[in-house]
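Below is one structure; the comments refer to it alone.
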Amino acid sequence: MESSVEIGFLRVTEKAAIAAARTMGYGKRKYSDQVAVESMREELGRLKMRGTVVIGEGERDKAPMLYVGEPLGRGWTEGEIYPEVDIAVDPLEGTNLCATGSANAIAVLAASEKGGLLNAPDIYMEKLVVGATAANTISLDNSVVENLGRMAEAYKRDVNELTIVVLDRERHHDLIGQIREAGARIKLISDGDLSAGISAAVRGTGVHGLMGIGGAPEGVLTAAAMRCLSGRMQGRLKPLEKWQEDRLKSMGFGDGKKVYSEKELASGNDIIFSATGVTDGDLLRGVRFFGGGIRTSSLFMSLKTNTIRFVDTIYREDGADLAVSFV
Ligand code: VTB
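First residue of the sequence shown: 243, per my numbering; consecutive thereafter.
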């Protein structure tokens, strides 16, 4: 990927985060999502690429923008030979979090060379995510107690010094019981298992793992982040309703029993991952508005160039006489 396109992706999530953050606390999650989607689509349209959405807002008939298969970027219409890029987006991960001003809403995008991101169906996925420290310790086929025991060993601590994030859902009743029984600490979240998964792969966030069932599209984005962070992920597609089972089969995913690694969910060699905080979170600060400028905090990574950047950007308003502060 060309570096101008690469860096363009950072701007894409920054702009989407700013758009969403302006609606923080409005109590209108759909509206918050819509402004993030519109912003993301507009910014992606400016990039010198022949992009295709592989993880997006849904099927073409349901989503007018950023639908799966939508062509994006300048190269598509102008007939110029810009690189082909597959794109996975979650313009506002945690729409409810933004609508209520709660922690950890983010704007996210991953990109890769053609075929490098799995076109996962919009159903659920059972996930297990850990950082590089605990790589090679986990398996969805092992018991929760076993996974936690091996993670604790890798972290050179007791199980009761691990913190596991789980989506607060009825379907996790048994899982939560097993984690409690094993003795690990739990952080129950109302939404946003993608940002929790990323936090699990960054030391110092106080999160050591993510367990449970969340969205499969978010799973592919998590996997892209794990590739760049040397984190580990396992995911198993989980149809919880009949239509999801049908969907799985119609998309050629068989019985859905397969366990995917992060490498299978995001197989590309040229992966770019960008996430910008909308509200303050474990890993990223939210968008801050102040007279004359806006400040964003992002995680921007490239697998090919092996770089992980924590980017702090200030957008200055034209003509504003802005005194920039250190933090
Ligand atoms: C999941 C999770 C997301 O929404 O998709 C969840 O992966 C929806 O789950 O991070 P439910 O159907 O159980 O509500 C998020 O939490 C936010 O988009």
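Built from N, CA and C at the ideal position, the CB exists for glycine as well.
_Contacts around residue 404, its chain only, beta-carbon distance under 8 Å, and the 5 residues preceding and following it disregarded_ = Excluding positions up to five away in sequence, the list reads 390, 393, 394, 397, 426, 427, 450 and 451.
*Residue range of the alpha helix (DSSP H) that includes residue 271*: Per DSSP, residue 271 is one residue of the alpha helix (DSSP H) stretching across 271–287.
_Neighbourhood of residue 281 by C-beta, 7 Å cutoff - its chain only, sequence neighbours within 5 removed_ = Closer than 7 Å at Cβ, skipping near neighbours: 257, 258 and 261.
*asked:* Tell me whether residue 411, by its Cβ, gets closer than 7 Å to a heavy atom of the ligand VTB.
replied: Checking every heavy atom of the ligand VTB against the Cβ of residue 411, one is found closer than 7 Å.
*Any heavy atom of the ligand VTB closer than 7 Å to the CB of residue 275?*
No.
_Going residue by residue through the segment 406–444, where are the continuous beta strand (DSSP E) segments of at least 3 residues, counting only ones entirely within it?_
Fully enclosed beta strand (DSSP E) runs of 3 or longer: 427–431.
*Can you name, in chain order, every residue of its own chain whose Cβ lies under 7 Å from the Cβ of residue 430, other than the five neighbours on each side?*
Within the same chain, 408 and 410 come within 7 Å of residue 430 by CB-CB distance, once the 5 residues on both sides are set aside.
*asked:* Is residue 404 a contact residue of the ligand VTB, with contact defined as CB to any heavy atom under 7 Å?
replied: Not so, every heavy atom of the ligand VTB lies at least 7 Å from the Cβ.
*Terminal residues of the continuous alpha helix (DSSP H) containing residue 260?*
Following the DSSP letters along the chain, one finds residue 260 inside the alpha helix (DSSP H) bounded by residues 245–263.
*Buried or exposed (CB count within 10 angstroms, at least 16 for buried), residue 464*: Label assigned to residue 464: buried.
*Check whether the Cβ of residue 460 sits closer than 7 Å to any heavy atom of the ligand VTB, and report yes or no.*
Checking the Cβ of residue 460 against the ligand VTB gives yes.
_Three-state secondary structure assigned by DSSP to residue 521_ = Correct three-state label for residue 521: coil.
*For residue 346, does the count of other Cβ atoms within 10 angstroms reach 16, so buried, or fall short, so exposed?*
Burial of residue 346 is indicated by the presence of at least 16 other C-beta atoms within 10 angstroms of its C-beta.
*Based on Cα-Cα distance, which residue from 370, 476, 316 and 311 lies nearest to residue 325?*
Checking every option, the nearest Cα to that of residue 325 belongs to 316.
*the ligand VTB heavy atoms versus the CB of residue 457: any closer than 7 Å?*
Yes, Cβ of residue 457 sits closer than 7 Å to a heavy atom of the ligand VTB.
*Go ahead and label residue 306 buried or exposed: buried means 16 or more other beta carbons lie within 10 angstroms of its beta carbon, across all protein chains shown.*
Exposed, because fewer than 16 other Cβ atoms sit within 10 Å of the Cβ of residue 306.
*Is the CB-CB distance between residue 421 and residue 372 below 8 Å?*
Going by C-beta atoms, residue 421 is not nearer than 8 Å to residue 372.
*In the structure shown, what three-state DSSP assignment does residue 333 receive?*
Of the three classes helix, strand and coil, the one that applies to residue 333 here is strand, per DSSP.
*Would a C-beta distance cut-off of 8 Å place residue 348 and residue 507 closer than the cut-off?*
Judged by their CB atoms, residue 348 and residue 507 are not nearer to each other than the 8 Å cut-off.
*Quick one: is the Cβ of residue 294 within less than 7 Å of any heavy atom of the ligand VTB?*
Answer for residue 294: no, Cβ out of range of the ligand VTB.
*What does a CB cutoff of less than 8 Å around residue 358 pick up in its chain, not counting 5 residues either side in sequence?*
Here residue 358 has 328, 508, 509, 510, 511, 512 and 513 as same chain residues with Cβ atoms under 8 Å from its own Cβ, once five neighbours each way along the sequence are excluded.
*Span of the alpha helix (DSSP H) around residue 492*: The continuous alpha helix (DSSP H) containing residue 492 extends over residues 484–492.
*Applying the criterion that 16 or more other CB atoms from any shown protein chain within 10 Å of the CB defines a buried residue, is residue 531 buried or exposed?*
That one is exposed.
_Heavy atom of the ligand VTB within 7 Å of residue 416 beta-carbon_ = Proximity of the beta carbon of residue 416 to the ligand VTB is not indicated: no heavy atom of the ligand is located closer than 7 Å.
*Okay, do the segment 533–552 and the segment 266–276 touch, 3+ Cβ pairs below 8 Å being the bar?*
The segment 533–552 vs the segment 266–276: no contact.
*How many whole angstroms separate the CB atoms of residue 364 and residue 459, which I take to be in contact at a CB cut-off of 8 Å?*
Rounded to the nearest angstrom, the Cβ distance from residue 364 to residue 459 is 6 Å, consistent with a contact under 8 Å.
*The beta strand (DSSP E) with residue 543 in it runs from where to where?*
In the DSSP assignment, residue 543 falls within the unbroken beta strand (DSSP E) covering 535–544.
_Start-end ranges of the beta strand (DSSP E) lying completely within the segment 330–374, minimum 3 residues_ = Listed in chain order, the beta strand (DSSP E) runs fully inside the segment 330–374 are 348–355 and 366–372, counting runs of at least 3 residues.
*By how many angstroms is the C-alpha of residue 564 removed from the C-alpha of residue 474?*
Answer to the nearest angstrom: the Cα atoms are 42 Å apart.
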